[in-house]
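In what follows, a single structure is set out as structure tokens and then discussed.
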Amino acid sequence: MFDNFFRNLNKKRLKDDKYLYLFDTPIKGEYVSLDCETSGLNPKKDEILSIGAVKIKDNKIIMRDTFNIFVKPSKNIDAESIKIHQIRPIDLQNAIEPQEAILKLLDFIGNRPIVGYYIKFDIAMISKYTKRYIGIKLPNETIEVSSMYYKTRKKTSEYEFIDLKFDTIMKTLDIPELGKHDALNDAIMTSMMFLKLKDMTPAKTTFYTN
Numbered sequence: 001m002f003d004n005f006f007r008n009l010n011k012k013r014l015k016d017d018k019y020l021y022l023f024d025t026p027i028k029g030e031y032v033s034l035d036c037e038t039s040g041l042n043p044k045k046d047e048i049l050s051i052g053a054v055k056i057k058d059n060k061i062i063m064r065d066t067f068n069i070f071v072k073p074s075k076n077i078d079a080e081s082i083k084i085h086q087i088r089p090i091d092l093q094n095a096i097e098p099q100e101a102i103l104k105l106l107d108f109i110g111n112r113p114i115v116g117y118y119i120k121f122d123i124a125m126i127s128k129y130t131k132r133y134i135g136i137k138l139p140n141e142t143i144e145v146s147s148m149y150y151k152t153r154k155k156t157s158e159y160e161f162i163d164l165k166f167d168t169i170m171k172t173l174d175i176p177e178l179g180k181h182d183a184l185n186d187a188i189m190t191s192m193m194f195l196k197l198k199d200m201t202p203a204k205t206t207f208y209t210n
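UniProt numbering applies: residue 1 is where the sequence shown begins, and numbers increase by one.
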């Protein structure tokens with residue numbers, strides 16, 4: 001009940017009816033795996049530098065339909081943040097303005113559920129921009145692969161530690177690494193995690209509505 005209330009409230013705040021499709025019921029079996037590289041870990045002050053995404057349809061990763069874009073920051077990125085995201089000033093020379101990037105992303109995602117690794121952070125970052133440009137937070141359902149993975153681990157006690165690091169999940173699931181960790185590669189690897197975990201726990205896939 002409360003989900004519907006907040007969903008309808010969000011819908012009323014939409015500035016452009018063109019994006020009403022974000023609230024439509026998604027087609028069954030279709031998802032988008034998404035990853036963002038950012039200038040830092042604070043959604044309030046940091047910025048998106050790149051976005052990678054790939055569509056999933058009928059348990060297949062659609063490699064011919066990917067999204068990979070660099071986003072122009074409002075200020076120069078510092079050396080410390082480069083060590084984390086590995087995006088250099090030269091990589092951003094042909095980056096596009098944030099508004100164009102985000103609106104292109106909305107067209108790519110549509111109303112599909114969004115799959116990700118610690119996806120709440122990515123959604124918070126994207127929603128900062130969507131609120132500015134279309135008046136609302138991103139309304140799509142989200143699926144967290146680390147939560148799916150956690151449910152597959154058998155614990156000998158309630159105090160046992162479960163390692164949820166990206167590389168650990170990859171290794172445990174025997175998923176190949178796709179070279180360097182950039183937004184698109186991470187989105188593709190996350191989509192592989194999702195499909196493998198979905199087969200392992202088909203009844204336990206959990207959706208989270210923002």
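We treat Cβ as the ideally placed atom computed from N, Cα and C, and that holds for glycine.
Discussion item. Starting from Arg64, trace the beta strand (DSSP E) in both directions and tell me its first and last residue.
Written reply: Position 64 of the sequence shown holds residue 64. That run of the beta strand (DSSP E) goes Lys60 to Phe70.
Item to complete: Pull up the distance between the alpha-carbon of Ser74 and that of Tyr159, whole angstroms please.
Response: The sequence position of residue 74 within the sequence shown is 74, counting from 1. The sequence position of residue 159 within the sequence shown is 159, counting from 1. Their backbone Cα atoms lie some 44 Å apart in a straight line.
Fill in: Nearest to Phe23 (by Cα), restricted to the options Lys11, Asp78, Thr190 and Glu177
The residue given as residue 23 occupies position 23 in the sequence shown. The shortest C-alpha separation from Phe23 is found at Lys11.
Fill in: Where residue 211 falls: helix, strand or coil (DSSP)
Summary: the structure shown does not reach residue 211, with the chain confined to residues 1 through 210, and so no result is reported for it.
Discussion item. Measuring straight from C-alpha to C-alpha, what distance separates Asn59 and Ala79?
Written reply: Position 59 of the sequence shown, counted from the first residue, corresponds to residue 59. Position 79 of the sequence shown, counted from the first residue, corresponds to residue 79. For the pair Asn59 and Ala79, the Cα-to-Cα distance works out to about 40 Å.
Worksheet item: To the nearest angstrom, how far is it from the Cα of Thr206 to the Cα of Asn140?
Response: By one-based count along the sequence shown, residue 206 stands at place 206. By one-based count along the sequence shown, residue 140 stands at place 140. Interpretation of Thr206 is limited by its pLDDT of 42, a score under 50 that renders its predicted location unreliable; no figure is taken from the coordinates.
Worksheet item: Is it the case that the Cβ atoms of Phe108 and Phe161 are separated by a distance below 8 Å?
Response: Within the sequence shown, numbered from 1, the residue matching residue 108 stands at position 108. Within the sequence shown, numbered from 1, the residue matching residue 161 stands at position 161. No; because the gap between Cβ atoms is not below 8 Å, this pair is not in contact.
Worksheet item: Exposed or buried, what is Asp199 when buried is set at 16 or more other beta-carbons lying within 10 Å of its beta-carbon?
Response: Your numbering for residue 199 matches position 199 in the sequence shown. Exposed, since its Cβ has fewer than 16 Cβ neighbours within 10 Å.
Fill in: Alpha-carbon spacing of Lys15 relative to Asp174, whole angstroms
Numbered from 1 along the sequence shown, position 15 holds the residue referred to as residue 15. Numbered from 1 along the sequence shown, position 174 holds the residue referred to as residue 174. Approximately 45 Å between the Cα atoms of the pair.
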